[in-house]
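Numbering (full-length UniProt numbering), first residue to last: 10 to 832.
Each residue gets a CB set at the ideal place from its N, CA and C atoms; glycine is no exception.
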Amino acid sequence: SEPVSCTGGRADMSLDGLRRTFREHVFYTQGRFPSVATRNDLYMAFAYTVRDQLLHRWIKTVEQMAGKDLKIVSYLSAEFLLGPHLENNLINLGIYDDVLGIAKEEGFDIQVIFDQEEEPGLGNGGLGRLAACYLDSLASLEVPAIGYGIRYEFGIFDQEIRDGWQVERTDQWLRLGNPWELARPEITCRVSFGGRTEPYQDDRGRYRVRWIPHRTVKGVAYDTPILGYRVNTCNLLRLWKAEAIESFEFEAFNVGDYYGAVDEKIYSENITKVLYPNDEPVQGKQLRLEQQYFFVSCSLQDMLRIYKLGGGKLDRFSRHFAIQLNDTHPALGVAELMRLLVDEEGMDWEPAWDVTCKTFGYTNHTLLPEALEKWPVELFAGLFPRHMEIIYEINRRFLDEVRRRWPGDEARVARMSLIDESGGRFVRMAHLACVGSHAINGVAELHSRLLKEDVLRDFHEMTPEKFSNKTNGVTPRRFLVLANPGLTRLIEGKIGDTWIRRPEELRKLEPCADDPAFREEWRRVKLENKKNLARVIRERTGIEVDPASMFDIQVKRLHEYKRQHLNVLHIIALYDRIKRNPSYDLCPRTFIFGGKAAPGYFMAKLIIKLINSVGDTVNRDPDVNGRLKVVFFPDLNVKNAKFIYPAADLSEQISTAGKEASGTGNMKFSMNGALTIGTLDGANVEIREEVGAENFFLFGLTAEEVYSLKRDGYRPMEYFQANPELQRVVERIASGYFSNGDRELFKPLVDALMFHDTFMLFADFGSYADVQGRVDEAYRDREHWTRMSILNSARMGKFSSDRAIREYCEDIWKVKPVPILLE
Ligand code: OAK
């Protein structure tokens with residue numbers, strides 16, 4: 010067919026065109042005179058102006074892909090933590106400065122407009138943000154891709170701090186409308202739950218099964234365009250919203266059951282109401298399982314629909330779709346695709362299984378055993394009677410294979426089974442994902458190795474060829490260009506801007522580390538960023554911090570394995586040194602924390618309280634005399650993070666070795682020139698390799714040492730007794746020094762450390778405190794510190810999500826870029 014013409018008009022990206030479109034949107038979309046337009050009207054008008062540009066490219070993308078024999082990546086994720094769209098799209102379109110100019114002409118502050126955007130917080134932390142970075146890179150590399158997920162009405166809660174405690178408030182991101190999405194009421198799927206199955210013979214006399222479900226809901230597609238950086242590829246993020254199917258309402262109305270109809274509606278809509286705010290571990294709640302199946306079923310039905318539009322035969326499906334499972338949350342997809350192919354499309358089991366295995370890839374994101382998803386068989390079979398049968402059949406065939414390879418090894422069979430029967434019966438989602446995928450990967454070298462040696466050892470022994478590593482990456486567009494315009498300009502002045510697409514070229518900066526004038530400039534930018542953060546901290550917490558002090562920052566979800574409390578123990582140690590020796594020589598430091606705790610995770614919330622309590626005491630104590638400040642930055646999200654990474658001098662990556670799968674905050678900090686103090690955990694290992702051991706502050710046990718210490722019986726008390734400073738630190742907490750004499754408040758935390766210390770803080774405390782001493786010394790030599798800082802940024806190219814996505818494309822998905830032309 011003829012290419013669609015959408016040149017001129019709103020597709021006009023000249024300054025005049027943009028200005029005209031903007032004015033039109035104020036008028037015709039928002040229905041306002043400029044003189045009465047609210048801040049939100051202006052934001053909406055800008056957003057629609059930009060969206061018009063995206064839609065232009067989107068249509069070109071769809072048009073030029075249609076009918077081509079290409080392969081599409083389908084990224085299945087229960088979470089996408091996108092962050093605000095407006096600024097990011099301006100950067101990717103290359104019209105940031107134009108729009109700044111228009112705003113100025115029209116007489117308002119663009120920052121105020123940016124600030125108006127409510128971010129879609131449809132994720133908890135690392136896993137969801139990684140999915141968003143990968144969407145950015147897929148589009149930037151011109152790879153055809155669809156992200157599939159859930160349109161939660163309420164995303165991750167907003168965090169407030171009251172009296173030092175975390176208080177959760179509902180996230181209302183859709184309150185003022187969402188200009189970035191297009192509702193597609195015509196793209197719908199039916200998703201069923203419960204009921205029973207029944208055998209029958211089809212017209213060819215073959216044994217078949219039909220599922221007679223108990224209830225059915227409707228999934229409606231909501232599409233968000235995802236534009237790549239300075240390319241015309243505009244991919245799709247398709248999020249599903251649950252609604253009641255009409256027939257239920259009619260039936261209920263017909264028998265006069267008005268309330269029944271309304272109940273059904275509420276019941277159905279509940280499925281996509283709210284994001285579960287726990288990251289690792291996830292909670293075994295029925296609604297959560299319903300969410301997973303709901304979005305997976307909608308997405309697979311949608312892919313089959315798109316595929317059939319092209320007239321393809323089902324046994325070739327895997328040549329046209331590569332589906333990636335972002336952890337096990339969408340792993341039910343393996344059973345659902347089998348059901349769709351066998352029950353709905355009439356395929357035989359073997360070819361259907363072949364298609365399924367060739368289509369799916371599985372990425373694991375955690376080493377915490379308690380975070381491996383498993384669902385009680387009773388719950389599972391009740392909701393998905395047909396999938397339960399399919400899983401039993403997959404398992405039967407799979408375990409036959411295991412028995413053929415390892416005759417008589419029933420212990421192995423029990424370990425590998427898709428059903429855990431070691432006490433209660435559970436469906437093991439990671440096993441389902443492994444068996445149903447042709448590729449399995451971890452997210453950092455160390456993590457991938459530990460998966461092979463430990464968590465997924467049996468699977469690796471059986472099919473080593475499925476395993477690989479794909480070290481995580483982050484998008485330099487959002488986390489450097491957008492977050493740190495000062496540094497971006499400075500870098501551009503030296504090496505141009507090609508590094509934004511090819512961050513390996515940042516290496517060209519290395520010689521600048523030896524240039525005193527450049528170092529001076531580098532410090533000036535950092536100082537500006539710190540002043541900026543200091544201002545935001547003042548506005549949000551009332552605390553004054555000194556931009557001349559070292560900014561030592563730990564921002565991430567609150568979790569015991571991430572050991573924010575190890576950081577606190579060290580702060581108390583410094584405080585204790587000052588109290589014992591008022592003239593103690595300490596390089597002034599501002600400790601900044603941020604991150605949300607799962608609402609039901611008592612210990613994580615107590616750690617937030619401890620940080621704030623220590624802050625209250627230390628910040629007010631005149632003896633401290635400016636040497637220490639402690640701040641808890643409330644409501645860490647993508648929007649706030651942009652003030653934080655660029656302002657850091659020191660990045661705290663201090664998890665117990667062997668626990669953090671990768672980490673991605675570590676990359677964001679280092680890219681922005683922060684030095685890392687960290688353990689040999691997750692991607693820290695590779696960051697240190699890249700930036701050089703001499704530019705990284707390493708401490709703590711290795712994963713192997715953690716493992717053998719645990720095996721041989723770890724006794725935290727021994728470390729406690731051997732370290733008088735640690736004793737004084739713990740005593741200050743236990744005595745109520747930070748809690749107005751209340752000895753009970755922090756007792757659970759103190760007891761957990763003294764008697765269990767699962768994450769080995771005591772074992773690492775000495776080494777941590779020593780290395781922090783070296784950090785203090787290093788910071789005094791500002792020239793040398795700046796050198797190290799420049800080298801960190803210059804050597805972080807590997808950790809661009811573009812590199813990660815290229816590896817996925819080549820090794821797992823076997824997909825190629827499809828450049829899109831505008832005219
Ligand atoms: C969340 C729920 C279940 C399992 C894992 C997660 C998760 O967020 N994992 C995190 O994924 C990030 C992206 O790969 C990693 O960088 C983090 O280390 C990991 O904790």
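Asked, Found
"Three CB pairs or more closer than 8 Å across the segment 241-256 and the segment 150-163", "yes"
"Host beta strand (DSSP E) of Trp220 (start-end)", "216-221"
"Option nearest Asp561 by Cα separation, candidates Ser306, Leu575, Arg598", "Arg598"
"Residue range of the alpha helix (DSSP H) that includes Asn801", "791-803"
"Buried or exposed (CB count within 10 angstroms, at least 16 for buried), Glu195", "exposed"
"7 Å Cβ shell around Ile254 - same chain, five flanking residues per side excluded", "Arg199, Thr225, Val226, Lys227"
"Three-way DSSP call (helix, strand, coil) for residue 843 in this model", "Nothing in the structure corresponds to residue 843, since the chain is present only between 10 and 832."
"Closest Cα partner of Leu659 within the set Lys535, Ile616, Tyr610", "Lys535"
"Coil, strand or helix - Ile509 by DSSP", "helix"
"Outcome for Cys818 when other beta-carbon atoms lying within 10 angstroms are tallied against a minimum of 16", "buried"
"Separation of Glu792 from Pro525, as counted between CA atoms", "8 Å"
"Reduced DSSP secondary structure (H/G/I, E/B, other) of Glu195", "strand"
"Contact set, the ligand OAK heavy atom to C-beta under 6 Å", "Gly134, Gly135, Leu136, Leu139, Asp288, Glu289, Val291, Asp336, His374, Thr375, Ala380, Val452, Asn481, Glu669, Ala670, Ser671, Gly672, Thr673, Gly691"
"Minimum C-alpha distance to Ser44 - residue among Gly116, Val271, Arg789, Pro826", "Gly116"
"8 Å contact criterion, which Arg19 and Thr30 should meet: CB distance rounded", "5 Å"
"Neighbour-count burial assignment, Ala210, 16 or more Cβ in a 10 Å radius", "The residue you asked about is not Ala; residue 210 is Gln in the sequence shown. Counting Cβ neighbours within 10 Å, Gln210 comes out exposed, since fewer than 16 surround it."
"Simplified DSSP assignment, three categories, for Val759", "helix"
"The segment 764-773 contacting the segment 642-649, beta-carbon criterion three pairs below 8 Å", "no"
"Residue interval of the alpha helix (DSSP H) (run including Leu350)", "Looking at the DSSP string, Leu350 is not in any alpha helix (DSSP H), and its letter there is neither H nor E."
"Alpha helix (DSSP H) runs wholly inside the segment 494-538, at least 4 long, in chain order", "494-504"
"Phe706 versus Leu341: straight-line alpha-carbon distance, rounded", "42 Å"
"Where Ser10 falls, given that 16 or more other Cβ within 10 Å makes a residue buried", "Note that Ser10 has pLDDT 49, beneath the 50 cutoff, so the model's placement of it is unreliable and no number is given."
"Run of the beta strand (DSSP E) containing Ala607, from where it starts to where it stops", "It is not in any beta strand (DSSP E) - Ala607 carries neither H nor E in the DSSP assignment."
"Beta-bridge pairing of Ser809 - partner residues as DSSP gives them", "Val483"
"Asn97 and Leu496 closer than 9 Å at C-beta", "no"
"Val828 and Thr242 closer than 9 Å at C-beta", "In the sequence as displayed, the identity of residue 828 is Pro instead of Val. Yes, Cβ-Cβ distance for Pro828 and Thr242 is below 9 Å."
"Simplified DSSP state of Thr599, which is helix, strand or coil", "strand"
"Supposed contact pair Val452 and Ala650 - C-beta distance, whole angstroms, cut 8 Å", "Not a contact, Cβ separation roughly 20 Å."
"As assigned by DSSP and simplified to three states, the class of Arg224", "strand"
"Contact set for Glu513: own chain, Cβ-Cβ below 7 Å, skip 5 residues either direction", "Gly806"
"Member of Leu455, Leu689, Asp311, Thr337 whose CA lies at the smallest distance from the CA of Asn478", "Leu455"
"Residue 845 (DSSP reduced to helix, strand or coil)", "Residue numbering for the chain in the displayed model covers 10 to 832; residue 845 lies beyond these limits and cannot be assessed."
"Cβ-based neighbour list, Leu830, same chain, cut-off 8 Å, excluding 5 preceding and 5 following", "Lys69, Gln73, Asn241"
"Three-way DSSP call (helix, strand, coil) for Arg724 in this model", "coil"
"Under the three-state DSSP convention, the category Ser10 falls into", "Its pLDDT being 49, under 50, Ser10 is placed unreliably in this model, and the value from its coordinates should be taken loosely. Coil."
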